[in-house]
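**Student:**
Chains as they are written, first to last, in our numbering: chain H, 108 to 448; chain U, 108 to 448.
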């Protein structure tokens, strides 16, 4: 059996195609595209067709999870969920179902209960984390957000059942390895023994500091740059300088590296603080890290807290980890097709 | 004598035309346009011609101050200053001079020392504040930034001589009454007895909270909305809800007003903290408030600190206060033409 899993995020659309034989996962193929849904939602159908390619006729079913309904092209989440479902349903001739907070739902049920499928992608990812450790906290650091999901007895048991609730339970931290405006991470930065307040414009993003620090390379910088300029080290440094209303004539490369390292540490602390909250409440002391920022941020946060951790990339390839929600969705869809969920 | 003063900001271009007779200020006329220089710098010439109208042939001189050189359409500030000067010099046939950290400069000198005229608009405004109180702290809350400038013996004595330096001396706080991303003001907000982390996207801006709180009305909301939607109370509420990954089905109007009031208070504290820093260092205990946010934020900050304050709008009309740097620039240009500066 061949099953596709699709994760339609606000900024990226990810795909996994898995092959299952006799209940065993035999093969995984993954791919993804940068698709900013707030300006290009009309391209979703084409993007999905492109991602699936020839295999669109070979899959036995398609599982879908989404977070794109939050983008400000939609009046509210319900409108967003319905729009995404509408676009997806036009494409496939095989069964399609949607990840919800309580298993897979077909389009009819999903359209009737849109809030159950809104932003449920972490449910799919937690399936994979639970396979690695049946009692743990999954820390999935994506391009934009971080999911911190408690897992007990092999099943996710997040206290928050919506993004809004998870923002209050420590289970969602809106910071990520690429797209976070640096001005949302720090109010001020130290430099040569003095503190500087920062500009609140969207001048530089987390991808810029992680590029400068060597945490990612330019191929990982898959989102747009805030100023529309390039993705070289020098471009990123210029953007970081602008955070202090400065430029590369006013600040040296060494200054900028010092600033970037400080912001990286503060971003780590933001995530660590939320992990601690979940860990203490749920009495869980092991972390499974995943997502694009699993080493850059999740691992650092675990180390800061002195907690033991396993990386999902010990079990999956790095690229597979980045699209873990899509793989989890495909697995849930496979179970659904065979009557499991 | 008739003199024009122009303040070319990143987001707004303001103009004042003053008439001086026998050294006395007889008449002030002001106007402004929203001109986002990071995307529409090519329209600067047309905008200036439109602002001056028929009086372009009547003025005896034009003073110019700028902050637009910081926008990310420019590689660095020097390039920005030179570009703005180049555009301005093509328009006028009368003398033009530029506000610098050490008086007015003609274009030749300004092109030779671009960093002296970069972001010197607060020098112009401080001329007006000094006329109100010869020993005070001017707090000028604009759409995007707040200048906190110490004045002694009738002259500004800011310790920072560039935006970068002023970010470290408490003399520049990058927060304002319209354009500030709410995610740069708060990391979390209280609601119904719980704390919620916030999204780090550009979902809602300070204009949204101040509109919802009745601090400004829709006519004051002169910048673009982050989502391209309208400027009604409901539109602003929807944007604020999105800051918590929520919408108007999940949060009530009362919830959103509670959130807005909290963010307003935090924004006030940011400004108050910097005023305190300058006040203690410079031994100054009186505040002169000005700018679009003079009542909404500067006055609140003064009250929070228990400091006495005078509003510039006791001496000028509210609109004149909003374009105070342009008026100050015109006055400096008048002095320059008569050999004063």
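All C-beta atoms in this analysis are idealised placements derived from N, C-alpha and C, irrespective of residue type, glycine included.
Per DSSP, residue 253 of chain U forms a beta bridge with which residues?
**Tutor:** Here residue 253 of chain U refers to the residue found at position 146 when the second chain is read from its first residue. Paired residues: U/248, U/280.
**Student:** By the three-class DSSP mapping on this structure, what secondary structure does residue 149 of chain H have?
**Tutor:** For the purposes of this step, residue 149 of chain H is identified with residue 42 of the first chain, where counting begins at 1. Residue 149 of chain H falls in the helix class under three-state DSSP.
**Student:** Under 8 Å between C-beta atoms, does residue 352 of chain H make it to chain U?
**Tutor:** Reading the first chain from its first residue, position 245 is the one you call residue 352 of chain H. Residue 352 of chain H counts as touching chain U.
**Student:** How would you list, in chain order, the residues of chain U whose beta-carbon sits under 7 Å from the beta-carbon of residue 302 of chain H?
**Tutor:** Here residue 302 of chain H corresponds to residue number 195 of the first chain, with the count starting at 1. What residue 302 of chain H touches in chain U: 275.
**Student:** At a Cβ cut of 7 Å, what residues of the stretch 285 to 314 of chain H count as close to chain U, listed as they run along the chain?
**Tutor:** So the list reads 287, 288, 290, 291, 301, 302, 303, 304, 305, 306, 307, 309, 310, given in the order they occur along the chain.
**Student:** Can you give me, in chain order, the residues of the stretch 241 to 274 of chain U that have a beta carbon less than 7 Å from any beta carbon in chain H?
**Tutor:** Within the stretch 241 to 274 of chain U, the residues whose Cβ lies closer than 7 Å to some Cβ of chain H are 270, 271, 274, listed in chain order.
**Student:** Which partner residues does residue 119 of chain U have in the DSSP bridge list?
**Tutor:** Residue numbering aside, residue 119 of chain U sits at position 12 when the second chain is read from its first letter. The partner list for residue 119 of chain U (beta bridge, DSSP) reads U/141.
**Student:** Is the beta carbon of residue 169 of chain U closer than 8 Å to that of residue 201 of chain U?
**Tutor:** For this step, residue 201 of chain U is matched to residue 94 along the second chain. For this step, residue 169 of chain U is matched to residue 62 along the second chain. Yes, they are a contact pair.
**Student:** Between residue 136 of chain H and the rest of its own chain, which residues show a CB-CB distance below 6 Å, the 5 nearest in sequence each way excluded?
**Tutor:** What you label residue 136 of chain H is simply residue 29 of the first chain in a count that begins at 1. For residue 136 of chain H, where only same-chain residues beyond five positions count, the Cβ hits under 6 Å are 124.
**Student:** Below 9 Å on C-beta distance, what does residue 474 of chain U contact in chain H?
**Tutor:** Past the edges of chain U, shown from 108 to 448, lies residue 474 of chain U, and the structure says nothing about it.
**Student:** Could you tell me which of U/339, U/428, U/335, U/316 sits nearest to residue 326 of chain U, measuring between CA atoms?
**Tutor:** Residue mapping note: residue 326 of chain U aligns to position 219 of the second chain, counting from 1. That would be U/339, whose Cα lies nearest to the Cα of residue 326 of chain U.
**Student:** Given residue 336 of chain U, which residues of its chain have a CB within under 7 Å of its CB, disregarding the five upstream and five downstream residues?
**Tutor:** In the second chain, the residue the question calls residue 336 of chain U occupies position 229. For residue 336 of chain U, where only same-chain residues beyond five positions count, the Cβ hits under 7 Å are 342.
**Student:** Here's the rule: buried if 16 or more other CB atoms are within 10 angstroms of the residue's CB, otherwise exposed. What is residue 146 of chain H?
**Tutor:** Locating residue 146 of chain H in the first chain gives position 39, where the first residue counts as 1. When all chains shown are included, residue 146 of chain H counts as exposed.
**Student:** Below 8 Å on C-beta distance, what does residue 349 of chain U contact in chain H?
**Tutor:** In the second chain, the residue the question calls residue 349 of chain U occupies position 242. By Cβ distance, chain H contributes 177, 179.
**Student:** Quick check on the burial criterion: 16 or more other C-beta atoms within 10 angstroms. Buried or exposed for residue 396 of chain U?
**Tutor:** For the purposes of this step, residue 396 of chain U is taken as residue 289 along the second chain, with counting starting at 1. By the 10 Å Cβ count, residue 396 of chain U comes out buried.
**Student:** For residue 415 of chain U and chain H, any beta-carbon pair shorter than 8 Å?
**Tutor:** Indexing the second chain from 1 puts residue 415 of chain U at position 308. Chain H, which has no Cβ nearer than 8 Å to the Cβ of residue 415 of chain U, makes this no.
**Student:** Mind checking the stretch 193 to 211 of chain H against chain U and listing, in chain order, the residues whose C-beta falls within less than 8 Å of any C-beta there?
**Tutor:** Per Cβ criterion, the list is empty.
**Student:** Do you know whose CA, among U/212, U/199, U/361, lies nearest residue 164 of chain U's CA?
**Tutor:** Residue numbering aside, residue 164 of chain U sits at position 57 when the second chain is read from its first letter. Minimum Cα distance to residue 164 of chain U is reached at U/199.
**Student:** Buried or exposed: where does residue 418 of chain U fall if 16 or more other Cβ atoms within 10 Å of its Cβ makes it buried?
**Tutor:** To locate residue 418 of chain U, count along the second chain from 1; it is residue 311. With 16 or more Cβ atoms within 10 Å of its Cβ, residue 418 of chain U is classed as buried.
**Student:** Should the stretch 430 to 438 of chain H be regarded as contacting the stretch 143 to 160 of chain U, the criterion being three or more beta carbon pairs within less than 8 Å?
**Tutor:** The stretch 430 to 438 of chain H is not in contact with the stretch 143 to 160 of chain U.
**Student:** Using a Cβ-Cβ cut-off of less than 9 Å, give me the residues of the stretch 149 to 169 of chain H that come near chain U, in sequence order.
**Tutor:** Correct list: empty, as no residue qualifies.
**Student:** Suppose the cutoff is 7 Å on Cβ atoms and the five residues either side in sequence are ignored; what does the same chain contact list for residue 311 of chain U look like?
**Tutor:** Against the second chain, residue 311 of chain U aligns to sequence position 204. Excluding residues within five positions, the ones whose Cβ falls inside 7 Å are 289, 333, 346, 347, 349, 350.
**Student:** Helix or strand or just coil, what does DSSP make of residue 330 of chain H?
**Tutor:** For the purposes of this step, residue 330 of chain H is taken as residue 223 along the first chain, with counting starting at 1. Here residue 330 of chain H sits in coil by DSSP.
**Student:** Using three-state DSSP, classify residue 442 of chain U as helix, strand or coil.
**Tutor:** One-based indexing of the second chain puts residue 442 of chain U at position 335. In this structure, residue 442 of chain U counts as helix in the three-state DSSP scheme.
**Student:** So, does the CB of residue 383 of chain H fall closer than 8 Å to a CB anywhere in chain U?
**Tutor:** For this step, residue 383 of chain H is matched to residue 276 along the first chain. No, because no Cβ of chain U sits closer than 8 Å to the Cβ of residue 383 of chain H.
**Student:** Could you tell me which residues DSSP pairs with residue 202 of chain U in its beta bridges?
**Tutor:** Counted from its first residue, the second chain places residue 202 of chain U at position 95. Residue 202 of chain U is not bridged to any residue.
**Student:** Less than 8 Å between the CB atoms is what I'm expecting for residue 253 of chain H and residue 118 of chain H, so what's the real figure, rounded?
**Tutor:** Your numbering for residue 253 of chain H matches position 146 in the first chain. Your numbering for residue 118 of chain H matches position 11 in the first chain. So it is not a contact: roughly 14 Å between Cβ atoms.
**Student:** Listed from N- to C-terminal order along the chain, which residues in the stretch 356 to 377 of chain H have their beta-carbon within a distance smaller than 9 Å of any beta-carbon of chain U?
**Tutor:** Within the stretch 356 to 377 of chain H, the qualifying residues are 356, 357, 358, 377.
**Student:** Which ranges would you report for the alpha helix (DSSP H) in the stretch 163 to 226 of chain H if only whole runs of at least 4 residues count?
**Tutor:** Counting only runs of 4 or more, we get 184 to 196, 214 to 219, 221 to 224.
**Student:** For a test of the three-state rule: what should DSSP assign to residue 396 of chain U, helix, strand or coil?
**Tutor:** Taking the second chain and counting its residues from 1, one reaches residue 396 of chain U at position 289. Note: residue 396 of chain U maps to strand in three-state DSSP.
**Student:** Along the stretch 406 to 435 of chain H, what residues have a CB closer than 8 Å to any CB found in chain U?
**Tutor:** Going along the stretch 406 to 435 of chain H in chain order, one finds no residue with a Cβ nearer than 8 Å to chain U.
**Student:** Under 8 Å between C-beta atoms, does residue 328 of chain H make it to chain U?
**Tutor:** Here residue 328 of chain H corresponds to residue number 221 of the first chain, with the count starting at 1. Closer than 8 Å: no.
**Student:** Could you tell me which uninterrupted alpha helix (DSSP H) segments, each at least 4 residues in length, are contained entirely in the stretch 298 to 383 of chain U, listed from first to last along the chain?
**Tutor:** Segments of the alpha helix (DSSP H) lying fully in the stretch 298 to 383 of chain U: 313 to 319, 340 to 350.
**Student:** Using a beta-carbon distance below 8 Å, is residue 338 of chain U in contact with chain H?
**Tutor:** Counted from its first residue, the second chain places residue 338 of chain U at position 231. Residue 338 of chain U does not count as touching chain H.
**Student:** Kindly identify the DSSP beta-bridge partner or partners of residue 262 of chain H.
**Tutor:** The count along the first chain starts at 1 and reaches residue 262 of chain H at position 155. According to DSSP, residue 262 of chain H bridges with H/259.
**Student:** Grab me the residues of residue 173 of chain H's own chain with a C-beta within less than 6 Å of its C-beta, minus the 5 sequence neighbours each way, in chain order.
**Tutor:** Translated into positions along the first chain, residue 173 of chain H becomes position 66. Contacts found: 115, 191.
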